[in-house]
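Taking it in order: structure first as structure tokens, then the write-up.
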Amino acid sequence: RLVITDTGGNHAALSGEYATIPGEMKEVAAFFNKSVLRDVTQEAVMANMAAIRA
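If you're matching positions, the sequence shown starts at 12 in my numbering and goes up one per residue.
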């Protein structure tokens with residue numbers, strides 16, 4: 012089921028934040044010696060959260 016909600020807002024002011032997401036995802040993937048984050052399990056990310064943030 013898909014639900015679409017008109018919140019009356021937009022993401023125009025967030026474009027800079029959205030632009031950083033792919034780079035941050037690649038940095039986390041590189042931490043695990045992977046080229047893309049989809050190759051890393053959620054469990055691995057959660058278990059290494061402190062080291063990833065350091």
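For every residue, glycine included, the Cβ atom is placed at its ideal position computed from N, Cα and C.
Residue range of the unbroken alpha helix (DSSP H) whose run includes residue i
i: LYS45; result: Premise fails: LYS45 is in no alpha helix (DSSP H) and is neither H nor E.
i: ALA58; result: 53-58
Beta-carbon proximity check, residue i vs residue j, cutoff 8 Å
i: LEU48; j: MET36; result: yes
i: PHE43; j: ALA30; result: no
CA nearest to the CA of residue i, picked from the options
i: VAL39; options: ALA61, ILE15, VAL14, THR16; result: ALA61
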